[in-house]
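**Q** There's a structure below that I have some questions on.
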Amino acid sequence: MTNNKLLWQDLFPNTKNFEAVFQQLYEPLELPLFHIQNRLISCLKQLCHSKHPSSFMLLNAREEEEYFQLITDTVKTIMPIAQKPIGGRYIVTGMNIHWDNKSQIKDNFTAKDVCTWQAWVEQEQLFGGLYCYKDIINLQPGLVHNINGGILVIGAHTLVSQPLLWLRLKQMILNQRFDWLPANNNQPLSVYIPSMPINLRLIIIGEHKTLTILNNIDPNIFRIALYGEFELNKCINNAQDMKQWCSWVNTLAYNQGFKALNHDAWPELIKQAVRYSGDQFHLPLCPHWLTHRLKEAALYCNKQPINATALLESNRIRFWQESYLCDLIQQEITEGQIMVDTEKKITGQVNGLSVLSFSSHPLIVGQPSRISCVVYFGDGEINDIESKAELSGHLHTKGMMIMQAFLMSVLKLERQLPFSASLVFEQSYDEIDGDSASLAELVVLISALANQPIDQQIAITGSVDQFGRVQSIGHVNEKIECFFKLCQTRGLTGTQGVIIPLTNVRHLCLHDDVIQAVQLGTFSLWPVNNIYQALEILTAMPFDHEILPSLMKYIRERILQIYRYEQKQLPWYLRWLTKLIIKK
4 MTNNKLLWQD
14 LFPNTKNFEA
24 VFQQLYEPLE
34 LPLFHIQNRL
44 ISCLKQLCHS
54 KHPSSFMLLN
64 AREEEEYFQL
74 ITDTVKTIMP
84 IAQKPIGGRY
94 IVTGMNIHWD
104 NKSQIKDNFT
114 AKDVCTWQAW
124 VEQEQLFGGL
134 YCYKDIINLQ
144 PGLVHNINGG
154 ILVIGAHTLV
164 SQPLLWLRLK
174 QMILNQRFDW
184 LPANNNQPLS
194 VYIPSMPINL
204 RLIIIGEHKT
214 LTILNNIDPN
224 IFRIALYGEF
234 ELNKCINNAQ
244 DMKQWCSWVN
254 TLAYNQGFKA
264 LNHDAWPELI
274 KQAVRYSGDQ
284 FHLPLCPHWL
294 THRLKEAALY
304 CNKQPINATA
314 LLESNRIRFW
324 QESYLCDLIQ
334 QEITEGQIMV
344 DTEKKITGQV
354 NGLSVLSFSS
364 HPLIVGQPSR
374 ISCVVYFGDG
384 EINDIESKAE
394 LSGHLHTKGM
404 MIMQAFLMSV
414 LKLERQLPFS
424 ASLVFEQSYD
434 EIDGDSASLA
444 ELVVLISALA
454 NQPIDQQIAI
464 TGSVDQFGRV
474 QSIGHVNEKI
484 ECFFKLCQTR
494 GLTGTQGVII
504 PLTNVRHLCL
514 HDDVIQAVQL
524 GTFSLWPVNN
534 IYQALEILTA
544 MPFDHEILPS
554 LMKYIRERIL
564 QIYRYEQKQL
574 PWYLRWLTKL
584 IIKK
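Quick note on numbering: our numbering labels position 68 of the sequence shown as 71, and the sequence is numbered without any gaps.
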């Protein structure tokens, strides 16, 4: 067996090199986005420039309060201060209304701020309203009037849910004129109200899906708007990068009224951050996620600086509250309702690892899956039962086709494979998608062809290409932990473990019980580069070898037996002709 097991130190982010950084006390950043979002700042500066041709900006970010507030505060530091009040007033004389552009700050149609935000807004709140009672006319300003000459930050969900509001707002900004319209389109305005000049710029914040819907409503929007993104992660290459990230976190803490984090809190926060980002070298910048973690931890530190104990306790309680579904799945397996073998060696069966995702559940749930394969005389067709039952997505089908291409290439047969095979995810009743099981499916197919057993104590996950190289997959931590939990329930033996792609090692950030088991040698993780390494671990036999018994030898012998059997079924003159052709 290939002995390339991971060390326990590989299973979580190494923060020892940054201990000196954690000892320092970081003051909050005055202009935080200027330090961590250079591309976004460049885009905001262009929008704030008075001579820039575009009055719109699309910002790919989450529609959360923290994002809106950060963008608004940043714009206020960039926007030049107006030399005089912008706007004016409406003079109402009886039923006559006139516009006066000699504005004073006290006038209700004079701008009150240079930038403001609103995640959700209705027509009346945005555009104001006309109210008439007998002979009394009252004009109320909206957000567009209060921010005249400045920048309005608005949520994309508002615009895609109210397309007419978006079309009116866009037309108003392009024409630089505000026209009063009736609340009911079927009725005209009761009085004539002159238009007023508007000079407004708009930042639309939304995630990719929402911006795509907005583009479908108005295909011209990406042509006339600037585009910016809130970068999700900070790549940590050195101590300076870590200092910037720590300063960013402390800035968010100060904004919530908390003190700077205690030095022992940083390694634990980084573990949780890596778990969120999915990479040991990428730490999240999401202000919503970080602020939420800090608020939760603050509940357990009695108004003292947030420390490791508070972060651990808040994380433990949250995970316990959310893990009922995970426990149900594990319970069904241990009770035998879902059959997963973790003992013996079985031919044509392997423990694959998958994840379940529910829109109504906050966690990605890992689940061991029994993948089986049976081989029988046939014309070389490999049947994917999931696909034929219409229970697989396009990515899963693609993975199956790649797997078949590799097998046909490596066997180098002059004739069609004399076997057919059927592959299936046992006890799977929902749609399966993704190619992260293609490595497991290829392993179980080779096992069935060679008639050699697979060790059921070892689970496997990974994607494979046409050359047999193993590629990264997602949610590697959840997949490892679900199989570990099953083995732990049944009793750790020291020979159990999981095979993962080598390229996924940087994504590891496992729970403490898994790390402890690896440290004690009762559970193992094997990183592999190719299918051959995985097969040797699972079958204790090389894929191909000139001297030693190998899987390829067993497959060739089995194919040869079929060819000989077919040869015997031919009439004597065809057998004689075949031998003659072979001699020539």
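Note that beta-carbon positions come from the ideal geometry of N, C-alpha and C, so glycine has one too. Since we're looking at a predicted model, the values are computed, not measured.
Could you name each continuous beta strand (DSSP E) segment of 3 residues or more that falls completely within the region 310–387, going from the start of the chain to the end?
**A** If we require 3 residues or more, the beta strand (DSSP E) runs fully inside the region 310–387 come out as 348–350, 352–359, 368–380, 385–387.
**Q** Examine the Cβ distances between the region 103–110 and the region 171–189 and report whether three or more of them are shorter than 8 Å.
**A** Short answer: they don't touch.
**Q** Drop a sphere of 10 angstroms on the beta-carbon of S553, count the other beta-carbons inside from all chains shown, and report buried for 16 or more, exposed for fewer.
**A** So S553 counts as buried.
**Q** For T213, I'd like the list of residues in its chain whose CB is within less than 8 Å of its CB, leaving aside the five on either flank, ordered along the chain.
**A** The residues are E66, A159, H160, V163.
**Q** Take K401 and list the residues in its own chain whose beta-carbon comes closer than 7 Å to its own, dropping the five residues that flank it on each side.
**A** The answer, listed in chain order, is D438.
**Q** With a 10 Å radius around its C-beta and 16 neighbouring C-beta atoms as the bar for buried, classify E346 as buried or exposed.
**A** E346 comes out exposed.
**Q** Nearest-angstrom Cα distance between K556 and H548?
**A** Taking the straight line joining both Cα atoms gives about 8 Å.
**Q** Whose CA, out of F361, Q27, L410, lies closest to the CA of G383?
**A** Ranking F361, Q27, L410 by Cα distance to G383 puts L410 first.
**Q** State the beta-bridge partners of D103 as determined by DSSP.
**A** Its beta-bridge partners are R92.
**Q** Among L489, G351, F380, I220, which residue has its Cα nearest to the Cα of L331?
**A** The shortest C-alpha separation from L331 is found at L489.
**Q** Could you give the distance in angstroms between the alpha-carbon of N17 and the alpha-carbon of P504?
**A** Going by the C-alpha atoms only, they are around 20 Å apart.
**Q** In angstroms with no decimal places, state the Cα-to-Cα distance between Y303 and E271.
**A** The straight-line gap from Cα to Cα measures roughly 15 Å.
**Q** Under 8 Å by Cβ, that's how I've got A424 and V378 pegged, so tell me the actual separation to the nearest angstrom.
**A** With 8 Å as the limit, A424 and V378 qualify as a contact, their Cβ atoms being about 5 Å apart.
**Q** So for Y303, helix, strand or coil by DSSP?
**A** DSSP places Y303 in coil when its eight states are reduced to three.
**Q** Between the Cα of T254 and those of L32, M245, F225, spot the shortest distance and give me the residue it belongs to.
**A** When only C-alpha atoms are compared, the closest one is L32.
**Q** Do the region 260–267 and the region 71–78 make contact, defined as three or more Cβ pairs closer than 8 Å?
**A** Contact fails: fewer than three Cβ-Cβ distances are below 8 Å.
**Q** What does DSSP give as the partner residue(s) for V501 in the beta ladder?
**A** A462, L528, per the DSSP bridge assignment.
**Q** Could you name the residues that DSSP lists as bridge partners for F21?
**A** Looking at the DSSP assignment, F21 forms no beta bridge with any residue, so it has no partner.
**Q** CB-CB under 6 Å to S357, same chain, minus the five flanking residues each way: which ones, in chain order?
**A** Correct list, in chain order: Q370, S372.
**Q** Beta-carbon within less than 6 Å of R472's beta-carbon, same chain only, minus the 5 sequence neighbours each way: which residues are those?
**A** Result list for R472: N533, in chain order.
**Q** Once you ignore the five residues that flank F284 on each side, which residues in its own chain have a CB closer than 7 Å to its CB?
**A** The residues are C238, I239, R509.
**Q** Would you mind giving the Cβ-Cβ distance between D458 and L541, rounded to the nearest angstrom? I have them listed as a contact below 8 Å.
**A** About 6 Å; that satisfies the 8 Å criterion.
**Q** Label S326 either buried or exposed according to how many other C-beta atoms from any shown protein chain fall within 10 Å of its C-beta, with 16 as the threshold for buried.
**A** Label assigned to S326: exposed.
**Q** Thinking just about the alpha-carbon of each residue, which of E560, L495, R561, S450 is nearest to the one in A543?
**A** Of the candidates E560, L495, R561, S450, the one whose C-alpha sits nearest the C-alpha of A543 is S450.
**Q** Grab me the residues of M4's own chain with a C-beta within less than 6 Å of its C-beta, minus the 5 sequence neighbours each way, in chain order.
**A** For M4, the predicted structure reports a pLDDT of 46, less than 50, and the residue's modelled location is therefore unreliable. A value from the coordinates is still provided. Only I540, A543 meet the Cβ criterion.
**Q** Who are the near neighbours of D468 in its chain, counting only those whose CB is closer than 8 Å to its CB and skipping five residues on each side?
**A** Hits under 8 Å: I405, F409, Q474.
**Q** Can you look up L235 in the DSSP assignment and give me helix, strand or coil?
**A** L235: coil per DSSP, three-state reduction.
**Q** Kindly indicate which three-state DSSP category W120 falls into: helix, strand or coil?
**A** In this structure, W120 counts as strand in the three-state DSSP scheme.
**Q** Would you call K482 buried or exposed, if buried means 16 or more other Cβ atoms sit within 10 Å of its Cβ?
**A** With 16 or more other Cβ atoms within 10 Å, it is buried.
**Q** Beta-carbon within less than 6 Å of W169's beta-carbon, same chain only, minus the 5 sequence neighbours each way: which residues are those?
**A** Cβ within range, chain order: L162.
**Q** Classify Y134 as helix, strand or coil using the three-state DSSP reduction.
**A** Strand at Y134.
**Q** Can you find at least 3 beta carbon pairs, one from the region 285–295 and one from the region 334–342, that sit closer than 8 Å?
**A** Result no; under three Cβ-Cβ pairs closer than 8 Å.
**Q** Please name the residue or residues paired with A2 in a DSSP beta bridge.
**A** There is no way to answer for residue 2, as the model of the chain reaches only from 4 to 587.
**Q** Measure the CB-CB distance between G90 and D116 and report whether it falls below 8 Å.
**A** Going by C-beta atoms, G90 is not nearer than 8 Å to D116.
**Q** Between the Cα of L442 and the Cα atoms of L538, I227, G281, which residue gives the shortest distance?
**A** Measuring from the Cα of L442, the nearest candidate turns out to be L538.
**Q** Might you give, ordered along the chain, the residues of its own chain that have their beta carbon closer than 7 Å to the beta carbon of N151, omitting 5 neighbours on each side?
**A** I89, G90, A114, I201, N202, L203.
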